[in-house]
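Read in my numbering, the sequence shown has 126 at position 110, and its numbers run on one by one without any break.
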Amino acid sequence: MSSFYNIAERLTRMAREIPDSIAIAEPLFHHGKAKRNSSGKREYRTVTFAELDRDTDRIAAGLQALGVTPRMRLVIMVRQGIDFISLVFALYKTGATLVLIDPGMGVKKMLQCLKEVNPDGFLGIPSAQYARILYRRWFPNAKFNLAVGKSLFLPCLLTLDKLRKRAQAKPQDPKMKLDDPAAIIFTSGSTGVAKGVLYTHRMFKTQVEEITKRLNIKPGAIDLVGFPFFGLFDAGMGTTAVIPDMDTTKPASVDPKLFLEAAVDWQVTQAFGSPALWTAVSRYCVRNNVKISTLKQTAIAGAPVSFELLRNLRRILPDDAVIVTPYGATESLPLAAIESREVLEETCFKTSQGAGVCVGKFFDPPLEHRIIPISDAPIPRLSDVTACPDGQIGELIVSGPQCSPRYVTREEANALALIEGEDGQIWRRVGDVGYFDDQDRFWFCGRKSHRVETPSGPMFSIPCEAISNESPNVFRSALVGVPLPPDFQEPEVVVERAKEFRSVWKEPVMIVEPTAEARPADKVAEERLKKETLNLLKKSPLTSSINKVLVCNSLPVDARHNAKINRELLAKWATARLAGKNVKLHNGPSDDDLPPAK
17 MSSFYNIAER
27 LTRMAREIPD
37 SIAIAEPLFH
47 HGKAKRNSSG
57 KREYRTVTFA
67 ELDRDTDRIA
77 AGLQALGVTP
87 RMRLVIMVRQ
97 GIDFISLVFA
107 LYKTGATLVL
117 IDPGMGVKKM
127 LQCLKEVNPD
137 GFLGIPSAQY
147 ARILYRRWFP
157 NAKFNLAVGK
167 SLFLPCLLTL
177 DKLRKRAQAK
187 PQDPKMKLDD
197 PAAIIFTSGS
207 TGVAKGVLYT
217 HRMFKTQVEE
227 ITKRLNIKPG
237 AIDLVGFPFF
247 GLFDAGMGTT
257 AVIPDMDTTK
267 PASVDPKLFL
277 EAAVDWQVTQ
287 AFGSPALWTA
297 VSRYCVRNNV
307 KISTLKQTAI
317 AGAPVSFELL
327 RNLRRILPDD
337 AVIVTPYGAT
347 ESLPLAAIES
357 REVLEETCFK
367 TSQGAGVCVG
377 KFFDPPLEHR
387 IIPISDAPIP
397 RLSDVTACPD
407 GQIGELIVSG
417 PQCSPRYVTR
427 EEANALALIE
437 GEDGQIWRRV
447 GDVGYFDDQD
457 RFWFCGRKSH
467 RVETPSGPMF
477 SIPCEAISNE
487 SPNVFRSALV
497 GVPLPPDFQE
507 PEVVVERAKE
517 FRSVWKEPVM
527 IVEPTAEARP
537 ADKVAEERLK
547 KETLNLLKKS
557 PLTSSINKVL
567 VCNSLPVDAR
577 HNAKINRELL
587 AKWATARLAG
597 KNVKLHNGPS
607 DDDLPPAK
């Protein structure tokens with residue numbers, strides 16, 4: 017096999033095989049409002065695979081004419097849609113390394129991450145260019161800048177539309193190799209400082225191949241894209257990417273009516289989204305007795321998926337629909353997957369008793385996996401550790417072509433994240449704890465950093481929270497540790513209140529959802545919930561040592577998927593509350609302390 021490979025070849029191949037099939041459909045707007053025809057039907061801008069391939073050729077040739085060369089780092093800050101996907105594949109064709117970052121993490125953190133990556137330019141919407149200009153001393157090498165969209169305040173900056181008109185020639189082939197850099201993608205920072213993860217062309221190639229195989233995706237499928245990154249995979253898999261009318265940085269705030277409108281307009285056959293997105297959509301469907309009749313395959317990822325969500329999706333989708341929950345991380349994706357029937361008919365019962373969440377069997381070799389004893393110290397060589405036996409909770413490590421070889425920012429983190437194996441093989445510490453059962457399925461027990469070290473041994477977030485989540489009055493809960501001298505922690509559980517909802521379906525359905533802000537009159541209910549939850553915890557040997565329960569109106573979650581609980585922040589809040597301090601819990605990024613512009 018040739019060592020030369022560029023992930024953009026996947027798009028060119030689809031342009032040859034299905035040139036006239038629609039590659040992307042995005043909703044049109046007029047003065048900020050949805051553009052509709054005389055009959056009220058939504059209007060869309062579309063592009064075929066052949067048109068998309070030609071467009072990326074033009075943009076790539078134009079960028080090369082400006083001086084863009086392989087390995088340059090160019091930041092893309094563009095909203096999901098045709099321009100975003102075109103720019104990504106155009107950069108692949110130039111050999112440049114694209115930089116992707118989630119603006120939902122907050123402006124301060126985002127600017128700091130971008131400063132660390134030291135980009136050679138920005139391809140972005142006007143607001144992104146304003147930020148670059150305001151903080152231009154942070155980005156001394158950012159010389160190749162392109163505005164996507166119009167702005168009266170950036171008249172001298174070259175725009176994407178002008179570049180398209182100017183460039184006609186095909187781009188020069190940069191002759192990329194499988195292990196050459198393709199992208200730098202930042203982690204969400206939900207369990208620590210956001211880090212820049214190196215993606216190679218080999219990683220992208222493996223990801224597309226593994227997703228296509230495990231999810232049985234074939235050219236001609238129509239995908240409703242709830243997460244921008246998956247739209248890029250669609251272009252390489254011959255799948256039509258339908259862009260819904262939603263803010264992808266805030267999936268929990270999706271308008272179900274608009275999301276479902278796109279599904280009906282395009283008769284979508286598959287969809288990808290976070291648990292927060294699907295929870296909002298499924299609730300709406302259950303309440304209004306709506307089914308998505310064409311949707312035959314759904315993927316939910318980004319955080320643990322509740323059983324209530326899976327049950328509701330099974331009710332609103334066709335009987336033969338496949339609902340898959342893939343498992344992985346920004347640094348190693350995909351690793352495993354499990355279908356909803358296996359969860360609902362078998363593993364959910366064990367999960368509710370504290371066994372962890374089963375994420376299924378790992379993908380096929382060359383991906384390898386092991387469980388090793390939990391440690392917070394660096395592990396230089398694989399020979400320094402011994403694998404744990406099946407059934408014992410330990411730290412997950414993986415090795416395979418879908419795993420990133422290193423971080424390129426915060427490089428000191430590589431010492432803690434990477435292990436050198438035999439023949440120079442790199443193993444990556446995922447940061448999760450769990451175990452494999454006798455069927456070689458992985459049971460996720462939480463993040464390593466979320467374990468609570470008590471005098472009687474470690475307690476793990478997912479198994480312990482499953483006990484408190486059994487209460488119908490709890491929406492979700494979080495295990496946190498309060499410092500206990502000298503080196504231990506006292507386990508506490510913070511619960512988020514819930515209310516019960518009975519649907520119009522013949523069969524009763526319970527949907528758990530957060531309540532509104534608490535009022536003084538709710539104090540009695542709060543004390544009742546504490547007592548009820550504590551009684552549940554005392555009945556399980558996993559949680560019998562927990563003596564305190566706190567009630568929170570809204571647990572803080574990550575910016576990217578709106579689903580991962582920020583237990584680090586909760587631990588600080590719980591510590592302050594137990595010390596008698598009346599501290600407000602802030603949910604989400606804050607830009608009150610933006611760095612001064614220089």
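Glycine included, every Cβ here is placed at the ideal spot set by N, Cα and C.
Computed from a predicted model, the values in this text were never measured in an experiment.
State the Cα-Cα distance for the pair residue i and residue j, rounded to the nearest angstrom.
i	j	result
Lys522	Pro244	Here Lys522 scores only 31 on pLDDT, less than 50, and its place in the model should not be relied on; the value that follows carries that caveat. Whole-angstrom Cα-Cα distance: 36 Å.
Gly56	Tyr451	53 Å
Phe379	Ser472	36 Å
Lys178	Arg218	33 Å
Gln286	Leu114	27 Å
Arg74	Ala199	20 Å
Phe491	Gly376	25 Å
Asn485	Phe100	40 Å
Arg95	Lys273	21 Å
Pro501	Phe460	29 Å
Thr346	Phe202	8 Å
Thr470	Ile387	22 Å
Asn161	Ala494	43 Å
Glu543	Ser298	31 Å
Along the chain, where does the beta strand (DSSP E) that runs through residue i open and close?
i	result
Phe138	137–140
Thr341	338–345
Phe323	Per DSSP, Phe323 belongs to no beta strand (DSSP E); it is in the alpha helix (DSSP H), 323–332.
Val258	256–258
Gly289	286–289
Pro43	38–43
Gln184	It is not in any beta strand (DSSP E) - Gln184 carries neither H nor E in the DSSP assignment.
Thr591	From DSSP, Thr591 is part of no beta strand (DSSP E) but of the alpha helix (DSSP H) over 583–594.
Gln10	This structure cannot settle anything about residue 10, because the visible part of the chain is limited to 17 through 614.
Using only alpha-carbon positions, find the residue among the options that is nearest to residue i.
i	options	result
Pro291	Asn304, Phe138, Val270, His47	Val270
Trp443	His466, Tyr451, Ile413	Ile413
Arg397	Leu432, Gln145, Gly83	Leu432
Ser40	Ala112, Gly252, Gly140	Here the sequence assigns Ile to residue 40, which means Ser is not the residue at that position. If we check each option's Cα against that of Ile40, Gly252 comes out closest.
Thr559	Asn53, Ile478, Ala587, Ala595	Ile478
Met88	Lys49, Gly111, Leu585, Asn551	Gly111
Arg457	Cys419, Pro502, Gln408	Gln408
His466	Ser420, Ala592, Glu481, Ser167	Glu481
Pro171	Thr203, Gln145, Glu42	Gln145
Ala587	Arg513, Val496, Val540	Val496
Thr591	Pro507, Ser570, Lys546, Asp574	Pro507
His385	Asn430, Gln441, Val340	Gln441
Thr363	Cys374, Gln313, Pro86, Ser570	Cys374
Tyr151	Cys129, Gln455, Leu174	Cys129
Asp263	Leu107, Ile238, Gly254, Gly289	Gly289
Pro86	Ser54, Pro190, Lys125, Arg153	Pro190
Ile238	Val213, Ile259, Ala50, Glu226	Ile259
Quick check on the burial criterion: 16 or more other C-beta atoms within 10 angstroms. Buried or exposed for residue i?
i	result
Asp476	It should be pointed out that residue 476 corresponds to Phe in this sequence rather than to Asp. Answer is buried; the Cβ neighbour count reaches 16.
Leu329	buried
Ala81	exposed
Thr402	exposed
Lys307	exposed
Gln283	exposed
Leu610	Confidence at Leu610 is low in this model, with a pLDDT of 40, below 50, so its placement is unreliable and the value that follows should be read with caution. The residue is exposed, with fewer than 16 neighbouring Cβ atoms inside 10 Å.
Glu516	Residue placement at Glu516 is flagged as unreliable, the pLDDT there being 44, under the threshold of 50; the coordinate-derived value follows with that caveat. Exposed, by the Cβ-count rule.
Cys568	buried
Gln184	exposed
Glu42	buried
Arg182	exposed
Phe105	buried
Which residues mark the beginning and the end of the alpha helix (DSSP H) in which residue i is found?
i	result
Ile348	At residue 348 the sequence reads Ser, which differs from the Ile that was named. Run containing Ser348: none in the alpha helix (DSSP H); it sits in the beta strand (DSSP E), 348–355.
Val540	539–555
Tyr108	98–110
Thr28	25–33
Ala251	244–253
Complete runs of the alpha helix (DSSP H) confined to the stretch 368–436 [at least 4 residues]: Qualifying alpha helix (DSSP H) stretches, in chain order: 430–433.
Quick one: complete alpha helix (DSSP H) runs, 4+ long, within the stretch 192–242? Segments of the alpha helix (DSSP H) lying fully in the stretch 192–242: 217–230.
Ordered list of beta strand (DSSP E) runs contained in the stretch 434–495, each at least 3 residues: Counting whole runs of 3 or more residues, the stretch 434–495 contains the beta strand (DSSP E) stretches 434–436, 442–452, 457–463, 468–470, 473–475.
At which residue ranges does the stretch 74–99 contain complete beta strand (DSSP E) runs of 3 or more residues, listed in the order of the chain? Fully enclosed beta strand (DSSP E) runs of 3 or longer: 89–93.
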